[in-house]
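Residues in the sequence shown are numbered from 2 upward in steps of one, following the numbering used here. Even for Gly, the Cβ is constructed at its ideal location relative to N, Cα and C. These figures come from a predicted structure and were not determined experimentally. Input: a single structure, listed below in structure tokens.
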Amino acid sequence: MADKIEVSGFRHFFRTEIGSVQATGTIDLSIKAGEFVTLVGPSGCGKTTLLKAIAGFLTPSEGNILCDGIPVRGPGRERGVVFQELAILPWRTVRRNIGHGLEIARVPKAEREATVARLIGLMGLGGFEDRYPHELSGGMRQRVAVARTWAADPEVILMDEPFAAVDAMTRLTLQEELGRLCAATRKTVFFITHSVDEAVFLADRVLVMTRRPGTIKAELEIPRSASGGRDWDSFTSDPLMQKIAGDVMHLVHAERV
Ligand SMILES: Nc1ncnc2c1ncn2[C@@H]1O[C@H](COP(=O)(O)OP(=O)(O)OP(=O)(O)O)[C@@H](O)[C@H]1O
Ligand SMILES: [Mg+2]
2 MADKIEVSGF RHFFRTEIGS VQATGTIDLS IKAGEFVTLV GPSGCGKTTL LKAIAGFLTP
62 SEGNILCDGI PVRGPGRERG VVFQELAILP WRTVRRNIGH GLEIARVPKA EREATVARLI
122 GLMGLGGFED RYPHELSGGM RQRVAVARTW AADPEVILMD EPFAAVDAMT RLTLQEELGR
182 LCAATRKTVF FITHSVDEAV FLADRVLVMT RRPGTIKAEL EIPRSASGGR DWDSFTSDPL
242 MQKIAGDVMH LVHAERV
């Protein structure tokens with residue numbers, strides 16, 4: 002597989018009125034096309050900074066970021082982002098939120114409706130197409146946000162703790178749904194989380210960062226079933242998965258601030 006994203010010699014400093022903050026150490030990483038990479042590390046180590054740079058929202062102080070071999074100079078349609086803070090429009094129904102990017106891109110109505118209907122099915126939102134965000138639960142709103150980013154069909158999806166604000170039960174469902182969605186669409190995904198289980202459950206490869214200024218201290222390949230999908234029952238009863246999750250937990254705990 003070719004490298005979809007390539008980060009080399011990345012380092013970032015924030016300049017503030019009271020001086021400069023070094024957000025990250027030197028980071029090199031590559032993500033292959035179709036790969037699901039998760040990133041864990043202590044709070045403040047520079048995860049969001051790295052993701053924003055890949056998204057093109059922030060210009061690195063040092064280093065280069067390439068997407069398909071082309072330098073990232075700003076946000077682009079081939080890179081979709083899902084942030085922790087909800088980014089859905091309260092005055093639009095579920096259907097029209099998910100189709101929003103497609104409307105902006107002037108995708109023909111029939112094609113737009115087909116894409117939206119497929120995502121509503123994949124994300125378990127059937128029956129709620131014409132509801133407004135305030136009529137949904139937090140987990141459902143989060144699913145709408147994920148579906149909206151997916152609908153625009155970016156090649157790369159960058160997710161920064163997208164499930165952090167939902168309750169633990171809903172989160173398990175969302176993680177399984179995301180796993181299914183990925184298996185069905187083969188996107189390249191870069192996903193930040195504080196949850197070690199979530200990181201191992203979803204990933205083809207887990208990256209662990211040191212404390213700030215963060216660098217990548219470890220990388221673990223996660224063997225996946227041929228179907229690509231996962232469910233929590235088999236994950237929790239699989240000794241290999243539990244062993245890997247334990248290893249990642251140790252690596253993360255050693256970086257506690
Ligand atoms: N706009 C900014 N101006 C100044 N400093 C910033 C800015 N954004 C982030 N920082 C600093 O850079 C460091 C890394 O921040 P970042 O948000 O990347 O961390 P993180 O790993 O995503 O943390 P968390 O897990 O808490 O979300 C932190 O020390 C933070 O205080
Ligand atoms: Mg962050």
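query	result
Tell me whether the region 174-187 and the region 230-240 touch, counting them as touching only if at least three CB pairs, one residue from each stretch, are closer than 8 Å.	yes
Does the contact criterion of 3 or more C-beta pairs under 8 Å hold for the region 89-100 versus the region 56-69?	no
Taking a cut-off of 7 Å, which residues have a beta-carbon closer than that to any heavy atom of ligand 4, in chain order?	With respect to ligand 4, the structure offers nothing, as its ligand set consists of ligand 1 and ligand 2.
Report yes if the CB atom of V209 is closer than 8 Å to the CB atom of L159, and no otherwise.	no
Are the CB atoms of I223 and I245 within a distance shorter than 8 Å?	yes
Are there three or more Cβ pairs, one per stretch, closer than 8 Å when the region 123-133 is compared with the region 145-160?	yes
For a minimum of 3 consecutive residues, which ranges assigned as the beta strand (DSSP E) are wholly contained in the region 156-205?	157-161 and 189-193
Since S21 is in the beta strand (DSSP E), which residue starts that stretch and which ends it?	G20 to Q23
Following a CB-centred definition, is R213 positioned closer than 7 Å to any heavy atom of ligand 1?	yes
Is it true that the CB of L120 sits closer than 8 Å to the CB of R113?	no
Give the DSSP bridge partners of M210, in chain order.	I217
Between which two residues does the alpha helix (DSSP H) holding G122 run?	K110 to L123
Would a C-beta distance cut-off of 8 Å place G215 and G64 closer than the cut-off?	no
Let me make sure I understand the geometry here. Which of F37, T17 and G26 has the alpha-carbon closest to that of G10?	G26
Sort out for me which residues DSSP pairs G81 with in a bridge.	I158
So for E136, helix, strand or coil by DSSP?	helix
Inspect the beta-carbon positions of H195 and V41 and report whether they are closer than 8 Å.	yes
Find the nearest neighbour of D131 within the set A118, K33 and A184, judged by alpha-carbon distance.	A118
Alpha carbon to alpha carbon, what distance is there between A24 and R12?	8 Å
Grab me the residues of I155's own chain with a C-beta within less than 8 Å of its C-beta, minus the 5 sequence neighbours each way, in chain order.	It should be pointed out that residue 155 corresponds to Pro in this sequence rather than to Ile. Cβ neighbours of P155 beyond the five flanking positions: R78, E79, R80, G81 and K188.
Let me make sure I understand the geometry here. Which of G45, S44, T49 and P76 has the alpha-carbon closest to that of F58?	P76
Please classify L30: does DSSP put it in a helix, a strand, or coil?	strand
With a 10 Å radius around its C-beta and 16 neighbouring C-beta atoms as the bar for buried, classify T116 as buried or exposed.	buried
According to the neighbour-count rule (16 or more other Cβ atoms, all chains shown, within 10 Å of its Cβ), is M141 buried or exposed?	buried
Here's the rule: buried if 16 or more other CB atoms are within 10 angstroms of the residue's CB, otherwise exposed. What is E162?	buried
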